[in-house]
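One structure below.
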Amino acid sequence: MSCRSIPALVLLLSSPLLAQAPAAQTHSGDIGFTYSLPSDWETVDSSATLPTVQQKVETEATSEDEKKGAACIQVALTARHGTPASVVVVVALPFDCFGQQMTEKDLPGFASGASEGLKKTFDISNPVHGAYVMGSHNLWIERATGNLKGHPEVQYTVETVCSILKKGAVCWMDMSADDAALEVFEHGSVTLDGEAPAALVPATAFDKKPS
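Here the sequence shown stands for residues 39 to 249, numbered as in this note's numbering.
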């Protein structure tokens with residue numbers, strides 16, 4: 039299963055962060071996860087723009103699943119740091135709203151759909167994939183080089199990490215302008231379904247090829 043409403047929402051929400059002022063922050067999701075970033079990362083309240091973005095995505099959706107995904111998506115965190123800005127967006131899809139229960143077999147399709155949508159905003163090259171386990175959860179990861187379309191002067195590392203939780207699916211999407219920002223994103227402490235905290239991306243994340 040893929041849910042292309044997630045990348046569409048991420049792209050529309052993340053692009054304005056290059057110039058948007060910070061607002062109140064949140065690092066937790068209703069579906070059962072937490073994620074932390076250092077205090078010098080500025081978090082942005084996207085609640086005012088989310089309904090407009092959802093409406094646009096629903097209008098452009100080509101399936102009922104995409105329409106339901108757009109209506110149900112939650113933005114748990116949007117954050118930026120530095121100049122040029124590195125951006126992190128965390129999105130969640132609650133199953134009780136979506137009306138479908140995903141399983142681990144749905145993870146590759148769901149995650150690759152989210153990652154694929156980034157190509158609408160970035161020229162992507164050199165993608166590499168990985169898969170790893172955190173507690174009882176499988177995680178899917180893609181890392182690539184990206185340049186904003188029309189702005190080749192700034193090169194980003196674009197990384198997508200997704201997992202399936204008991205109550206929903208979640209993706210962390212990162213656009214890092216430098217190695218320090220990428221390290222912060224990957225080392226951010228995460229908990230999944232109340233299990234022990236760990237760094238979002240372990241050093242061994244790309245040792246095992248996804249099946």
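Beta carbons: idealized from backbone N, C-alpha and C, even for Gly.
Item                                                                                                                                                              : Value
For the alpha helix (DSSP H) containing GLY147, name the first residue and the last one.                                                                          : 145-154
When you compare the stretch 188-195 with the stretch 136-144, are there three or more beta-carbon pairs, one atom per stretch, that lie closer than 8 angstroms? : no
Between the beta-carbon of LEU115 and the beta-carbon of VAL127, is there less than 9 angstroms?                                                                  : yes
How long is the line joining the alpha carbons of ASN164 and THR183, rounded to whole angstroms?                                                                  : 6 angstroms
I'd like to check one pair, GLU154 with VAL166: are the Cβ atoms closer than 9 angstroms?                                                                         : no
Do ASP216 and the ligand ZN come close, with the Cβ less than 8 angstroms from some heavy atom?                                                                   : The ligand ZN is not among the ligands present in this structure, which contains no ligands whatsoever.
Can you tell me whether DSSP reads GLY232 as helix, strand or coil?                                                                                               : coil
I need the DSSP call for HIS175, collapsed to helix, strand or coil.                                                                                              : strand
Do you know offhand how far SER124's Cα is from ALA117's?                                                                                                         : 8 angstroms
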